[in-house]
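Chains as they are written, first to last, in my numbering: chain E, 54 to 405; chain Y, 54 to 405; chain C, 54 to 405; chain B, 54 to 405.
Protein chains: 4
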Amino acid sequence: MLVIMKEQAAAADLQRIVDRVEGAGGTAECHRPCETVIVVNGCPPSLEDEIRALAGVASVRRQTTGLWLVSRERQPQDTVVEVMGRRIGGPNPPAVIAGPCAVESEDQLFQIAEQVQKAGAGLLRGGAYKPRTSPYSFQGLGERGLELLARVRERFGIPIVTELRDVSALDLLLVYDVDVIQVGARSMQNFEILKEVGKAGKPVLLKRGASNSIDEWLNAAEYIMLEGNPQVILCERGVVSAKHSKTRYLLDIAAVPIVQELSHLPVVIDPSHAAGDRRWVPPMARAAVAAGANGLLIEVHHAAELALCDGPQSISPETLRQLIQDLKRRGYIREPIAVPDENVVRLATVVH
Amino acid sequence: MLVIMKEQAAAADLQRIVDRVEGAGGTAECHRPCETVIVVNGCPPSLEDEIRALAGVASVRRQTTGLWLVSRERQPQDTVVEVMGRRIGGPNPPAVIAGPCAVESEDQLFQIAEQVQKAGAGLLRGGAYKPRTSPYSFQGLGERGLELLARVRERFGIPIVTELRDVSALDLLLVYDVDVIQVGARSMQNFEILKEVGKAGKPVLLKRGASNSIDEWLNAAEYIMLEGNPQVILCERGVVSAKHSKTRYLLDIAAVPIVQELSHLPVVIDPSHAAGDRRWVPPMARAAVAAGANGLLIEVHHAAELALCDGPQSISPETLRQLIQDLKRRGYIREPIAVPDENVVRLATVVH
Amino acid sequence: MLVIMKEQAAAADLQRIVDRVEGAGGTAECHRPCETVIVVNGCPPSLEDEIRALAGVASVRRQTTGLWLVSRERQPQDTVVEVMGRRIGGPNPPAVIAGPCAVESEDQLFQIAEQVQKAGAGLLRGGAYKPRTSPYSFQGLGERGLELLARVRERFGIPIVTELRDVSALDLLLVYDVDVIQVGARSMQNFEILKEVGKAGKPVLLKRGASNSIDEWLNAAEYIMLEGNPQVILCERGVVSAKHSKTRYLLDIAAVPIVQELSHLPVVIDPSHAAGDRRWVPPMARAAVAAGANGLLIEVHHAAELALCDGPQSISPETLRQLIQDLKRRGYIREPIAVPDENVVRLATVVH
Amino acid sequence: MLVIMKEQAAAADLQRIVDRVEGAGGTAECHRPCETVIVVNGCPPSLEDEIRALAGVASVRRQTTGLWLVSRERQPQDTVVEVMGRRIGGPNPPAVIAGPCAVESEDQLFQIAEQVQKAGAGLLRGGAYKPRTSPYSFQGLGERGLELLARVRERFGIPIVTELRDVSALDLLLVYDVDVIQVGARSMQNFEILKEVGKAGKPVLLKRGASNSIDEWLNAAEYIMLEGNPQVILCERGVVSAKHSKTRYLLDIAAVPIVQELSHLPVVIDPSHAAGDRRWVPPMARAAVAAGANGLLIEVHHAAELALCDGPQSISPETLRQLIQDLKRRGYIREPIAVPDENVVRLATVVH
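And the structure:
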């Protein structure tokens, strides 16, 4: 059961509910993400009506879908996440996040950053910690990668997006003040990571797991928001495909309208991992934008044949430039929209 | 082994090959779809070089992928299929084929035809014979449906697309002179149907089976072309999806660029069956066109809540109109391109 | 709507229903598979109660699942299909149907038949008409294959199972009097084939399509039974698998108990096509029997490296012998059970 | 690149390799799981031959599959894991691990423990930390659950298996000295967890992720072994299934022989999560054992309708008893085999 409190609820109102629940043998856990929410477990359903009638209670929800904070029902207007002046979500033109799979060296990162920025990308992606199937594969440069990302941001004024693979690395990501923390597809149900990035006060790019449903994905976002972080960007990157597919994963293009129906959070598409082959990335990216995606996450490498990971699916900066040109020509990318300030999500007001 | 003959090969050249193959214990079967092709089986591979050297032989191919007639290798330029003046494929704007799942009555068909034509559709779809999971479901109006389709064409001057469910109904489809014969997803490997529509001299819309690979799909088109019919339009309609998907099937959007790379045949997208829900049809349709599809196949019903089949995934004529308007505004749908006549595939020259 | 008539219903009772339905604008089609069944479409649901009250009506069913004839609800006791004295289904030990993918030559067929019979197989499988992805692959020996099958049966006294690929070949299968007609996975929803084998008066082995649900599979069996043929054996052969699988298909082992719960028809397992590799066939076959399968369909070749099709997944006669020995040692294969004669399905009483 | 050192390699031999690699701009990381292994990255492939020739080097392997420590190539004989006298793997009869999804209360746990032990189970499963899709679902009793598990072990002398959901809980699992640490399907590629349980000195039950290939699963085991822990038990629990399946996941029964071919590690089957419905658990369990599984992991609850999680797929203690009886009657479960002591994996000799 989920008990949502009124804004003006008093501390005594909360205590009364906790006492009642514990008296009935259940557990009650308070969260204050945006409004105050009490998670109740282990109680007889009959308690529901009684709690609903208590002072300070706004509403009581059964845990049917598990979705509350991320739902359109709670927040009808679109969430807009702002990162160094770039606005993602709502009526804004699709954001382009581009860059290498992994940060490999200063030279590589600076060259790519310069070229993707010229091509029109608004944010730079690059992994310092790479989750790899084999313990014997290149695992990323670690802290050295973070250092390079921070320096490239200083040089080009472009915000940086990087993945948190292990909870233990979170402190370092915060030390280097990364702009967006990526939660990878394999970590979508790493609940420890979800809770920690929920407390970290940074925008989060949450990838959908390759075999996870849209409901499971939105529930993962709910874990993050419940810890007080409303700045969540969802990212579809293809789902497990059957043997009949030539692409590495099957891009679930319908996830864009479906997510936008169920949730106020922005949703971006990663065509690179879905395709697994650079030849198909531009048409899949165009399809994503036409379907209404709030952005693109694209792997770009200036010398893909030498890339330490994901070379075959990395497009060149020139291909990125042409793609963005085409999106402009079709009217998909225009000047950013002036969004009323109250719709932009920032963390200032979060109490925890 | 596939033996492709030179255009000027003499009858005696063919006979020589057949004799040699049969002498070696194999079988040789001649086809004359566009050029003369001899299918050889049961021979030792060592015969390959010997045959290649015989008079009249253009080339000899191993059956690795099974693809020859449909391949870009054989025909680099795009196939353009012409149906009552509508051109599908190549540089032409995407064709819109719209209409009800099943022909239900005169009133229903005429109303929908009028409205989809006004909305901008170029061809009318409608099933007279419906393949149904259960023997107890509505199986279509049969011949009465064909009759109505022929009348609606006469009235509105719009070409008609209808499905051939059983080989036994082919004669009737030809009597009513349907403009495009649809081979449904469940029949994609109904080899008897493939061979018969290959001989029928009518454009064929070949749907991809829900669990079939792109290679299997192109091989099915190869069966049709081998019988002498070059007018094949491929149609992607979603592949089997895992439990994690909210849509009925997963639209394989990447199939568009992949097919266009491997084959010269036009490829259209059916977002209706992929979605299974009308709310997601327009964004999926826009995505398909942005990815480069040569057309759309969309279920439209003027009173979807009363439809005898596929009501939930049928959009209204008004939604179709808005979709086509959007495609025009983005520059995807323009005036038809003047295609050089030699690129347009007609059946006049087929020898069988 | 499905109207099931009482056994003693008179012709006038039927006529009365047909008249009422047609008067209400619907269609009524009579079938007499076991009992008399009238398929009604296009009627208002309100007619249901009225028809239920008419003379001669046993019951009326909505078309929710489409299942009636195949359901346990209609027939609680197991169907036992008898083929030349071999009994398949019910409490009988699992039947072993073994043999080559394709009939290739007299020598090949006779050698394999002798060896699988010695190994303990009760029926011989062998394809005369092979459904092949490519038109350029070996398509089977056709009538010559049927002739060889008939001769091998005469020689060894073993019943033969062979696939009907095209409706046009059915007459030949009947001329050669094959014992069991196989409907392949690709033809599971070839409704023309289903109806024709439903009229053919021969036991049918109905394979599940690679992407079909258990409900769709049982509906396909319903099509066959509705034409008057109660001798249906279901065959699970693996479903479409995701890229994560090493086997060609994923064997849906749970299909055995699920089918046995929903239907009275026997269900056998084909581990060969599911595995796609002979090394995994014996453990998958043992698993199938332990799960309660009524039989096994196994590809066996005496010289698999030379097989014209499916060589890699064919086991040797010696491996088959060891498998059957193991099943005997574990007590799975015992002497056939004496089934009361009234449970054995024969076609004598079918009126059509 | 993976450099495997000879047993008698000196510290100077290691240093020489590290120096050479770093001099060439690469990274070298030493591990001593069983033998000494150096993981090399970022080096030109040309270095391979040079390193192979250095003193102390046993062999050099390219990272093609990523598998070394878990492979049959390195260790031909089966690994046998011993837990409080129960031996899992090799020629031993299948181990039965049974118990509730989650530890709910003292009464619940003690009742189930007593009954599954009487039914013949050798180990007790029970979750104290439950990974849940929704943050609002019951998350397990936490430390209280571990305490109850420790007490039930003391009372009944049965070893306990419990899941590590978060790295932060590992210390507590070790304080309560759980006998087997389970890594759940969602955590299969939580590399932080894999490394930590690799250092923890306890047998690990590693579940396969629902969309992970067998290779990815074995690589996850490689991560654990590389940290010095050879006591890994693999557990197949079903893979993502398409909409055509009635079970929650599709049990990949062929994973049993495939894993046993590639690796020396024991592999057990969890039919409960694969089925998602208790009716199908016993036939799937019998199938698993017949396919050669080294054990079963089964959810059992004495009052499933009241279970806080996974009630619908939990069988009763009585059903477990009948299942084990059937496995004994078929000869699958016999007296434990006397395994030569040198085959049993313990951690005494691990140097880290």
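C-beta: ideal position from N, C-alpha, C; glycine also.
In this text, all values refer to a predicted model and were calculated from it rather than measured experimentally.
Annotation for B:T215: the continuous beta strand (DSSP E) segment containing it runs 213-216.
Taken in chain order, the unbroken stretches of beta strand (DSSP E) that lie wholly in the stretch 294-381 of chain C and span 3 residues or more are 320-322, 348-352. Counting C-beta atoms within 10 angstroms of its own C-beta, E:K381 has fewer than 16 neighbours from the protein chains shown and is therefore classed as exposed. Of all residues in the stretch 218-231 of chain Y, those with a C-beta nearer than 8 Å to a C-beta of chain C are R218, D219, V220, S221, reading in chain order. Of the residues Y:I213, Y:D219, Y:K248, the one whose Cα lies closest to the Cα of Y:V233 is Y:I213. When secondary structure is reduced to three states using DSSP, E:S240 falls in the helix class.
The straight-line gap separating the alpha-carbon atoms of C:I104 and Y:D224 is approximately 37 Å. Residues of chain Y whose Cβ lies closer than 9 Å to the Cβ of E:L304 are, in chain order, L303, L304, D305, I306, A307. Annotation: B:K59 is outside any alpha helix (DSSP H) and is labelled neither H nor E by DSSP. Residues of chain E with a Cβ closer than 9 Å to the Cβ of C:A295 are, in chain order, S264, V293, S294, A295, K296. DSSP lists no beta-bridge partner residue for Y:S187.
The beta carbon of E:R261 sits closer than 6 Å to the beta carbons of W270, E289 from its chain, once the five residues preceding and following it are set aside; these are given in chain order.
Look at C:A111 here: in three-state DSSP terms it is strand. Between B:C83 and B:L122 a beta carbon distance of about 14 Å is seen, past the 8 Å cut, so the two are scored as non-contacting. For Y:P184, the residues of chain C that pass the 7 Å Cβ criterion are Q242, F244, in the order they occur in the chain. Every alpha helix (DSSP H) of 4 residues or more that sits fully in the stretch 95-169 of chain C is shown, in chain order, as 100-105.
Using a Cβ-Cβ cut-off of 7 Å, Y:N282 does not count as an interface residue toward chain C, since no Cβ of chain C sits closer than that to its own. Interface criterion met: the Cβ of B:P336 is under 7 Å from a Cβ in chain C. Beta-bridge partners of C:E82 (DSSP): C:V92. Residue-level contact by beta carbon holds for E:P310 and chain Y, with a gap shorter than 7 Å.
Approximately 7 Å separates the beta-carbon atoms of E:S367 and E:C154; this is inside 8 Å, confirming the contact. Note: C:R178 is bridge-paired with C:V214 in the DSSP secondary-structure output. Looking at the backbone, the Cα of B:I246 and that of B:D219 are separated by about 7 Å. Of all residues in the stretch 185-215 of chain B, those with a C-beta nearer than 7 Å to a C-beta of chain E are T186, S187, P188, Y189, S190, F191, reading in chain order. Per DSSP, Y:L67 is one residue of the alpha helix (DSSP H) stretching across 64-76. By the Cβ-count criterion, Y:R178 is buried, with 16 or more other Cβ atoms from all chains shown falling within 10 Å of its own Cβ. Taking CB atoms only, B:R105 has no neighbour in chain E less than 7 Å away.
Closest option to C:R387, judged by alpha-carbon separation, among C:D72, C:R73, C:G173, C:L318: C:G173. Per DSSP, C:V285 is one residue of the beta strand (DSSP E) stretching across 285-289. In the displayed model, C:K260 falls within a strand according to three-state DSSP.
The contact set of E:K299 on chain Y, defined by CB atoms closer than 9 Å, consists of S266, I267, D268, D305, A307, A308, I311 in chain order. Counting along the chain, the unbroken alpha helix (DSSP H) around C:G198 starts and ends at 196-209. Under the Cβ criterion of 7 Å, C:R339 is counted among the residues facing chain B. Annotation: the continuous alpha helix (DSSP H) that includes B:A273 extends over 267-279. Against chain B, a Cβ distance below 7 Å from C:G345 picks out P336.
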